[in-house]
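Worksheet for the structure shown next.
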Amino acid sequence: MSEPYRRNSRDASAYRDELWTAVTGRDERAAIGIVLAALDSGLEPEAVLLDVIAAVQRRVGAEWAANTLSVADEHTATAINDRAVTALALHATGARSGSAGRVTVACVDGEWHALPARLVAEVLRLRGWHVDFLGAQVPTRHLIAHLHNTGPDAVLLSSSLPTRLPSAHGTITACQAAGVPVLVGGAAFGPGGRHAKSLGADAWAPDAATAAELLARGLRREQRPHRTLPHLTDQEFTMIARSTPQLLTTTMAELEHRFPGMREYSEYQLERTAEDIAQILEFLATALYLDDDELFITFVTWTAGVLSARAVPAQSLLPVLDLLGGQLQDFPRARRILTAATDALTDTARIA
1 MSEPYRRNSR DASAYRDELW TAVTGRDERA AIGIVLAALD SGLEPEAVLL
51 DVIAAVQRRV GAEWAANTLS VADEHTATAI NDRAVTALAL HATGARSGSA
101 GRVTVACVDG EWHALPARLV AEVLRLRGWH VDFLGAQVPT RHLIAHLHNT
151 GPDAVLLSSS LPTRLPSAHG TITACQAAGV PVLVGGAAFG PGGRHAKSLG
201 ADAWAPDAAT AAELLARGLR REQRPHRTLP HLTDQEFTMI ARSTPQLLTT
251 TMAELEHRFP GMREYSEYQL ERTAEDIAQI LEFLATALYL DDDELFITFV
301 TWTAGVLSAR AVPAQSLLPV LDLLGGQLQD FPRARRILTA ATDALTDTAR
351 IA
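Residue numbering for the sequence shown follows full-length UniProt numbering, starting at 1 and increasing by one per position.
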């Protein structure tokens with residue numbers, strides 16, 4: 001097995017800058033050339049993956065949030081980075097015998113951000129693992145069928161979107177029922193992976209290198225009772241998740257009543273407004289599932305920043321939160337979360 005690479009950030013930084021220029025310039029050929037040049041220069045393949053490609057991809061997400069990259073720009077850059085990973089995989093040298101064992105790497109159902117999982121898969125291949133990479137949005141039933149057919153030593157589940165965590169919970173439980181330990185990763189699991197334990201995962205890794213180290217030490221399925229989330233007995237998550245279409249329709253109608261100017265919105269503007277409210281409801285339901293007020297508060301304040309970067313007043317979120325609170329009078333946890341988010345948003349606007 002190859003030794004873990006040694007980081008050399010000074011060597012990687014020049015290639016990061018060049019790759020950034022290539023992906024934002026929509027130049028796939030140049031991007032691939034830069035990655036191969038980094039390999040030819042002696043930079044370890046794992047360093048190219050994590051210190052160059054992954055670092056550039058994080059910047060792509062940050063620049064989209066700041067409105068300096070459009071959605072199309074972000075998608076194009078991501079696609080080019082993905083193809084750069086393919087080029088590296090075809091040209092890199094390293095331990096690829098699969099002697100370390102066999103693992104499955106997949107995104108949870110509904111998670112379409114596949115590049116983080118792809119990077120993990122390639123790092124593991126470089127470290128001698130046989131990796132079955134299943135890609136984005138893998139339905140649980142198909143994942144379980146794959147596990148029964150291949151018998152991996154572990155399954156690695158990736159999710160960037162917190163709203164996919166209720167689905168991830170079921171997937172984790174199903175994989176473990178099939179006798180396979182589960183290692184999870186991705187921004188969805190929160191700072192320090194705080195949601196990994198509550199959802200019953202056997203381990204959590206903040207990055208690809210840590211995931212490889214955990215697997216090398218041996219990841220084992222812990223024999224413990226099925227983990228339950230007692231706060232779900234109040235049914236708030238279930239009721240709000242089921243009522244989302246009605247809540248969305250009512251909120252849109254009430255917003256139009258409060259702000260007659262909405263009647264002049266274009267179809268596109270109305271669709272974007274409805275999408276924003278639907279996402280707020282989805283994050284609210286997820287916060288209820290996890291019993292994590294901070295998840296929703298963080299999402300609302302992040303959304304306010306995204307809107308401000310697009311010249312949309314952050315305060316425009318306040319009437320939405322108020323209308324939802326009015327419709328959810330019989331849901332004490334939901335009201336508490338909405339009130340906390342309103343206070344945080346008000347404080348943010350006051351500071352700004």
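Quick reminder that beta carbons are idealized off the backbone N, C-alpha and C, glycines included.
- request: Using beta-carbon positions only, say whether P166 and L295 come within less than 8 Å of one another.
  value: Within the sequence shown, numbered from 1, the residue matching residue 166 stands at position 166. Within the sequence shown, numbered from 1, the residue matching residue 295 stands at position 295. Between P166 and L295, the C-beta gap is not smaller than 8 Å, which leaves the two residues out of contact.
message: Output needed for A340: all residues of its chain with C-beta closer than 7 Å, excluding positions within five of it in sequence on either side, in chain order.
response: Taking the first residue of the sequence shown as position 1, residue 340 is located at position 340. Cβ within range, chain order: D293 and I297.
query: With a CB to CB cut of under 6 Å and the five nearest residues on each side skipped, what residues in its chain are close to S80?
result: Reading the sequence shown from its first residue, position 80 is the one you call residue 80. Looking at the sequence shown, residue 80 is not Ser but Ile. In its chain, beyond the 5 residues on either side, V23, E28 and A31 have a beta carbon closer than 6 Å to the beta carbon of I80.
- prompt: In terms of residues, what are the limits of the alpha helix (DSSP H) holding A87?
  reply: Mapped onto the sequence shown, residue 87 falls at position 87. First-last of the alpha helix (DSSP H) with A87: V71 to H91.
field: For H130, the first and last residue of its enclosing alpha helix (DSSP H)
entry: Within the sequence shown, numbered from 1, the residue matching residue 130 stands at position 130. That residue, H130, is in no alpha helix (DSSP H); its beta strand (DSSP E) goes W129 to G135.
- request: Tell me where the beta strand (DSSP E) around L101 begins and ends.
  value: Locating residue 101 in the sequence shown gives position 101, where the first residue counts as 1. Before going on, a small fix: residue 101 reads as Gly here, not Leu. That run of the beta strand (DSSP E) goes G101 to C107.
field: Straight-line gap, A178 to V105 (C-alpha atoms, nearest Å)
entry: Walking along the sequence shown from the start, residue 178 turns up at place 178. Walking along the sequence shown from the start, residue 105 turns up at place 105. Spanning the two alpha carbons is a distance of roughly 16 Å.
message: Pop quiz: A287 and I337 are said to be a contact at Cβ under 8 Å. What is the actual Cβ separation, rounded to whole angstroms?
response: Within the sequence shown, residue 287 is the residue found at index 287, counting from 1. Within the sequence shown, residue 337 is the residue found at index 337, counting from 1. About 5 Å separates the two Cβ atoms, so the contact holds.
message: Are the CB atoms of C107 and A145 within a distance shorter than 8 Å?
response: Along the sequence shown, read from residue 1 onward, the residue named residue 145 stands at position 145. Along the sequence shown, read from residue 1 onward, the residue named residue 107 stands at position 107. It is not a contact, given that the beta carbons lie outside the stated cut-off.
query: Can you name, in chain order, every residue of its own chain whose Cβ lies under 7 Å from the Cβ of R7, other than the five neighbours on each side?
result: As a first step, residue 7 must be located in the sequence shown, where it is residue number 7. In this prediction, R7 has a pLDDT of 43, which is less than 50 and means its spatial position is unreliable; what the coordinates show is noted afterwards. The answer, listed in chain order, is A47 and D51.
Test: A274 CB closer than 8 Å to a CB of chain B: Protein chains in the displayed structure number just one, and chain B is not present.
- prompt: Is the beta carbon of L281 less than 8 Å from the beta carbon of L317?
  reply: In the sequence shown, counting from the first residue as 1, residue 281 sits at position 281. In the sequence shown, counting from the first residue as 1, residue 317 sits at position 317. No, they are not a contact pair.
- request: May I ask you to list the residues that DSSP assigns as paired with S158?
  value: In the sequence shown, the residue the question calls residue 158 occupies position 158. Per DSSP, C107 and G185.
- request: Between the Cα of A89 and those of V56, W112, H142 and L39, spot the shortest distance and give me the residue it belongs to.
  value: Locating residue 89 in the sequence shown gives position 89, counting from the first residue. When each option's Cα is compared against that of A89, the closest is L39.
query: Which residue spans inside the segment 298-342 form an unbroken beta strand (DSSP E) run of at least 3?
result: The segment 298-342 contains no whole beta strand (DSSP E) run of 3 or more residues.
- prompt: Who pairs with A203 in a beta bridge, going by DSSP?
  reply: Sequence index remark: in the sequence shown, residue 203 carries index 203 (1-based). A203 is bridged to L183.
Assigned exposure category for H75 - 16 Cβ within 10 Å defines buried: As a working mapping, residue 75 is identified with position 75 in the sequence shown. So H75 ends up on the exposed side.
- request: Determine, using beta-carbon pairs with one atom in the segment 327-336 and one in the segment 226-241, whether at least three such pairs fall under 8 Å.
  value: With the cut-off at 8 Å, the segment 327-336 and the segment 226-241 touch.
- request: Quick one: grab the DSSP three-state call for D292.
  value: Position 292 of the sequence shown, counting from 1, holds the residue named residue 292. Note: D292 maps to coil in three-state DSSP.
- prompt: Per DSSP, what kind of secondary structure is P139 in: helix, strand or coil?
  reply: In the sequence shown, the residue the question calls residue 139 occupies position 139. The three-state reading of DSSP puts P139 in coil, since its state is none of H, G, I, E or B.
message: Can you tell me whether Y15 is buried or exposed? The criterion is at least 16 other CB atoms within 10 Å of its CB, across all chains shown.
response: For the purposes of this step, residue 15 is identified with residue 15 of the sequence shown, where counting begins at 1. Using a 10 angstroms sphere on the CB of Y15, the tally of other CB atoms reaches 16 or more, which defines it as buried.
- prompt: With 16 other CB atoms within 10 Å as the buried threshold, where does T303 fall?
  reply: Numbered from its first residue, the sequence shown carries residue 303 at position 303. Buried: at least 16 other Cβ atoms inside 10 Å.
query: Can you name, in chain order, every residue of its own chain whose Cβ lies under 8 Å from the Cβ of T346, other than the five neighbours on each side?
result: Looking up residue 346 in the sequence shown gives position 346. Same-chain partners within the cutoff: L318.
message: Using only the alpha-carbon positions, how far apart do G305 and A311 sit?
response: Taking the first residue of the sequence shown as position 1, residue 305 is located at position 305. Taking the first residue of the sequence shown as position 1, residue 311 is located at position 311. A direct Cα-Cα distance of roughly 10 Å separates G305 from A311.
message: Between M252, D207 and A77, which has its C-alpha nearest L270's C-alpha?
response: Counted from its first residue, the sequence shown places residue 270 at position 270. With distances taken between Cα atoms, L270 lies closest to M252.
- request: State the DSSP-derived secondary structure class of R221, mapped to helix, strand or coil.
  value: The residue labelled residue 221 in the question sits at position 221 within the sequence shown. Note: R221 maps to coil in three-state DSSP.
Nearest residue (CA-CA) to T150, options H130, G110 and F283: Against the sequence shown, residue 150 aligns to sequence position 150. When each option's Cα is compared against that of T150, the closest is H130.
task: To the nearest angstrom, report how far apart L49 and W112 are at their CA atoms.
output: Residue mapping note: residue 49 aligns to position 49 of the sequence shown, counting from 1. Residue mapping note: residue 112 aligns to position 112 of the sequence shown, counting from 1. Counting only the Cα atoms, W112 lies some 20 Å from L49.
query: What is the residue span of the alpha helix (DSSP H) that W20 lies within?
result: Within the sequence shown, the letter at position 20 stands for residue 20. Unbroken alpha helix (DSSP H) run through W20: S9 to T24.
- prompt: If you run the structure through DSSP and keep just helix, strand and coil, what is P152?
  reply: Here the question's residue 152 lines up with position 152 in the sequence shown. Looking at P152 - three-state DSSP - the assignment turns out to be coil, as it is neither helix nor strand.
Cβ neighbour criterion (16 or more within 10 Å) applied to V71: Your numbering for residue 71 matches position 71 in the sequence shown. Taking a 10 Å sphere around the C-beta of V71, we find fewer than 16 other C-beta atoms and assign the residue as exposed.
Whole-angstrom distance between P139 and K197, CA atom to CA atom: Locating residue 197 in the sequence shown gives position 197, where the first residue counts as 1. Locating residue 139 in the sequence shown gives position 139, where the first residue counts as 1. If I take the Cα positions, the gap works out to 22 Å.
query: Count the other CB atoms within 10 Å of the CB of A66; is the residue buried (16 or more) or exposed (fewer)?
result: Here residue 66 refers to the residue found at position 66 when the sequence shown is read from its first residue. Under the 10 Å beta carbon count, A66 is surrounded by fewer than 16 other beta carbons and is classified as exposed.
task: Check the C-beta distance from A205 over to G185 and give it rounded, since I have them as a contact under 8 Å.
output: Here residue 205 refers to the residue found at position 205 when the sequence shown is read from its first residue. Here residue 185 refers to the residue found at position 185 when the sequence shown is read from its first residue. Sure, about 5 Å apart at Cβ, within 8 Å.
task: To the nearest angstrom, report how far apart A314 and A62 are at their CA atoms.
output: Mapped onto the sequence shown, residue 314 falls at position 314. Mapped onto the sequence shown, residue 62 falls at position 62. Straight through space, the alpha carbons of A62 and A314 are spaced by roughly 18 Å.
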